[in-house]
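Asks:
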Amino acid sequence: GEDVEQSLFLSVREGDSSVINCTYTDSSSTYLYWYKQEPGAGLQLLTYIFSNMDMKQDQRLTVLLNKKDKHLSLRIADTQTGDSAIYFCAESKGNTPLVFGKGTRLSVIA
Amino acid sequence: DSGVTQTPKHLITATGQRVTLRCSPRSGDLSVYWYQQSLDQGLQFLIQYYNGEERAKGNILERFSAQQFPDLHSELNLSSLELGDSALYFCASSPGMNTEAFFGQGTRLTVV
């Protein structure tokens, strides 16, 4: 089965909050990442969280980690049209390369 | 700009041919990773090098090979190309082993 799972699509209205969810299977995952990919571009590292943290906030981005449920979420406050992109969740055990989910395509409706 | 440079940006080649993709990591980064992104498979890890040595291997076909040179740039060689090899190939780099990775813009390979 998949190591990292995400829903494929999310649509929100401009100004609302977006919540992108991710689940992972390996409880020994040490680092969890969120990347953003805009059309025709590479992956941009947005933020990451260590497994011993529950939450991390960085401007409009809030990452929540529920280690018991192996659930990670990315909340984008006041979503703008420029936030439209594919968002990838990734995990690493610290001694292994990043394993990515298939990405969630966020569409922001003006 | 992540600081990771990949060339070429686009490549169109015929089946059976061989191509080389090049990656220059961020200044000071010792680890280089190669990923393949296709519509149906998502982002698949291919191979990792750290300071010139192979460190991890993922779903890399035997027709594919890579190396990291003393100046830390890396090349991914794809041979006997098939239509199914058409994809975006990303290089990423990180300062150490499996810390946060910074991605290049990718090379779009089209095999016709």
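Those protein sequences? They're chains A and B, same order as listed. According to the numbering used here, the first sequence is numbered sequentially starting from 886. According to the numbering used here, the second sequence is numbered sequentially starting from 50. Don't be surprised by glycine CBs; every beta carbon is placed ideally from N, CA and C. Being a predicted model, the structure only gives us computed values, none of them experimental.
1. Quick one: which chain A residues come within Cβ less than 7 Å of Phe152/B?
2. Nearest to Leu79/B by CA position, among Leu137/B, Thr148/B, Ser143/B, Gly153/B, is which residue?
3. Would you list the residues sitting across from Leu991/A in a DSSP beta bridge?
4. Can you name the start and end residues of the beta strand (DSSP E) that Thr156/B belongs to?
5. Between Leu70/B, Gln117/B, Gln85/B, which has its C-alpha nearest Leu110/B's C-alpha?
6. In chain A, which residues lie less than 7 Å from Ala105/B when you measure between Cβ atoms?
7. Hey, is the region 87-105 of chain B in contact with the region 972-984 of chain A, meaning 3+ C-beta pairs nearer than 8 Å?
8. In chain order, what residues of the same chain lie with their CB nearer than 8 Å to the CB of Phe118/B, ignoring the 5 residues before and after it?
9. Give the secondary structure of Gly145/B by DSSP, where H, G and I count as helix, E and B as strand, and everything else as coil.
10. Since Met940/A sits in a beta bridge, which residues does DSSP pair it with?
Replies: Once the coordinates are examined:
1. Looking up residue 152/B in the second sequence gives position 103. What Phe152/B touches in chain A: Gly927, Leu928.
2. Position 30 of the second sequence, counted from the first residue, corresponds to residue 79/B. Of the listed residues, the one whose Cα sits closest to Leu79/B is Ser143/B.
3. Residue numbering aside, residue 991/A sits at position 106 when the first sequence is read from its first letter. Under DSSP, Leu991/A forms a beta bridge with Leu895/A, Ala970/A.
4. As a first step, residue 156/B is located in the second sequence; it is residue number 107 there, counting from the start. Per DSSP, Thr156/B belongs to the beta strand (DSSP E) from 156-160.
5. The residue you call residue 110/B lines up with position 61 of the second sequence. In terms of CA proximity to Leu110/B, Gln85/B leads the group Leu70/B, Gln117/B, Gln85/B.
6. Your numbering for residue 105/B matches position 56 in the second sequence. By Cβ distance, chain A contributes Thr981, Pro982.
7. Flag = yes, the region 87-105 of chain B and the region 972-984 of chain A touch.
8. Residue mapping note: residue 118/B aligns to position 69 of the second sequence, counting from 1. The residues are Gly101, Glu124.
9. Translated into the one-based positions of the second sequence, residue 145/B becomes position 96. Three-state DSSP puts Gly145/B in coil, outside helix and strand.
10. The residue you call residue 940/A lines up with position 55 of the first sequence. DSSP lists Leu949/A as partners of Met940/A.
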